[in-house]
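What the sequence shown shows, in our numbering, is residues 482 to 706, in sequence order.
All residues carry an ideal CB built from backbone N, CA and C; glycine is no exception.
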Amino acid sequence: MRTINIFLTDPIAGELPDFENGDIRYAFARLYPEGPKRLVEGPVCAFVDWVMEDLSGLEMCRRLRSDPRMEEAHVTIVLEDDDAEDKRRALRAGADDYLVGPIDRTIVLDRVMALQSGSGQPRINERLELGALLVDLAALQARWAGQPLDLRPNEFRLLHFLAQNPDRVLSRGDLIAALGKQEPPIDERTVDVWVGRLRRALRAVGAGERVRTVRSLGYVYDSYD
Numbered sequence: 482m483r484t485i486n487i488f489l490t491d492p493i494a495g496e497l498p499d500f501e502n503g504d505i506r507y508a509f510a511r512l513y514p515e516g517p518k519r520l521v522e523g524p525v526c527a528f529v530d531w532v533m534e535d536l537s538g539l540e541m542c543r544r545l546r547s548d549p550r551m552e553e554a555h556v557t558i559v560l561e562d563d564d565a566e567d568k569r570r571a572l573r574a575g576a577d578d579y580l581v582g583p584i585d586r587t588i589v590l591d592r593v594m595a596l597q598s599g600s601g602q603p604r605i606n607e608r609l610e611l612g613a614l615l616v617d618l619a620a621l622q623a624r625w626a627g628q629p630l631d632l633r634p635n636e637f638r639l640l641h642f643l644a645q646n647p648d649r650v651l652s653r654g655d656l657i658a659a660l661g662k663q664e665p666p667i668d669e670r671t672v673d674v675w676v677g678r679l680r681r682a683l684r685a686v687g688a689g690e691r692v693r694t695v696r697s698l699g700y701v702y703d704s705y706d
C-alpha cells in the first residue's frame, strides 16, 4: 500500500487517525520545529501554522526547504486571516500553497486528495545519499560505496531513519515510534536486535562502526569518520 505522509504543526495531528482510500494510506503525524520524529517514506504534504509557539510559520517553511527529508514536500501554510501580503510572504518563504484556518481532518484530506488528481501531486525524494551511504527507496536497497547491504525490511527502514537523522541520539522509543511499531506494542529490547543486525551488515561492506551506542540514551548514526 502506498503511503502519503501528512505532517501538521498543529497539535491536533497527534489525535488524527490515518485514512485509507483504495491502495493509498494517508498517515498523519505532528511536525515539530526540528522536523518530523518518524520515518519519512513516500510523498509528503506539510501544513504549517502561520503562528506557532516556538517560531513563525515563515521560518518553519524555510527550515523545511533546507531539510533533506522535507525539501520535496508540498507545503501549505495555514493563515489566520485572508491577507494578500501574508500570502505573498508565505510563497516567498517556500510554501507551495496556502489556506485560511482553522483546519480539521476533513479539510486536510480534501486538500491532499485533490493534489493526487492535479498537477500539484506531492513528490518523493527516492534516494538519500549520506557520504558513502545510498538508500534507494525505489529499489528497497541500501549501498555502501556501491556495495549492497544485506538487510531485512526492519533493518532497512531503521537505517533509512537513522540516515535521515544523522549525528542525533535517538532512544529506543524514538526508533519504535518512527518505524510505526507501537501497535501492537513491542519490547524496546527488540530495537537492540535490529541494531545488531544492521551493524553486522554495515561491517560486512566495510562501513565500520557507524551506529554508536550512547549509554542510557539510545543510538546515533555517525555520519563522519
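Quiz item: Helix, strand or coil for A619 per DSSP?
Solution: coil
Practice problem: Over the uninterrupted beta strand (DSSP E) stretch that includes V701, give me the two end residues. | Solution: 699-702
Quiz item: How many Å lie between V521 and G677 at the Cα?
Solution: 23 Å
Practice problem: Assess, as a yes-or-no matter, whether the region 543-551 is touched by the region 512-521 under the definition of 3 or more beta carbon pairs within less than 8 Å. | Solution: yes
Quiz prompt | Residue span of the alpha helix (DSSP H) that contains A571, given as start and end | solution = 565-573
Quiz item: To the nearest angstrom, how far is it from the Cα of R649 to the Cα of R483?
Solution: 28 Å
Exercise. Could you name the residues that DSSP lists as bridge partners for I558?
Key: V529, Y579
Quiz item: Would you say L640 and A623 are within 8 Å of each other, going by their C-beta atoms?
Solution: yes
Quiz prompt | Inter-residue CB distance, L580 and T557 (contact presumed, cutoff 8 Å) | solution = 6 Å
Quiz prompt | Backbone CA spacing between F528 and E496 [nearest angstrom] | solution = 15 Å
Quiz item: What span of residues does the beta strand (DSSP E) with I487 cover, start to end?
Solution: 483-489
Exercise. Pick helix, strand or coil for G689, following the three-state DSSP scheme.
Key: coil
Practice problem: Could you check what DSSP says for R586 in three-state terms: helix, strand or coil? | Solution: helix
Quiz item: The alpha helix (DSSP H) spanning L640 covers which residue range?
Solution: 634-645
Self-check item: 8 Å Cβ cutoff met for L683 and R693
Solution: no
Exercise. Name the two residues that bound the continuous alpha helix (DSSP H) containing R696.
Key: Unbroken run through R696: none, as it is neither H nor E.
Exercise. Taking the CB atoms as reference points, tell me whether L438 and A644 lie closer together than 8 Å.
Key: Residue 438 lies beyond the residue range present for the chain, which begins at 482 and ends at 706; the question has no answer from this structure.
Quiz item: With burial defined as no fewer than 16 other Cβ atoms inside 10 Å of the residue's Cβ, what is the status of N502: buried or exposed?
Solution: exposed
Quiz item: Span of the alpha helix (DSSP H) holding A658?
Solution: 653-659
Practice problem: Rounded to whole angstroms, what's the CA-CA distance from L618 to R608? Just pull it up for me. | Solution: 6 Å
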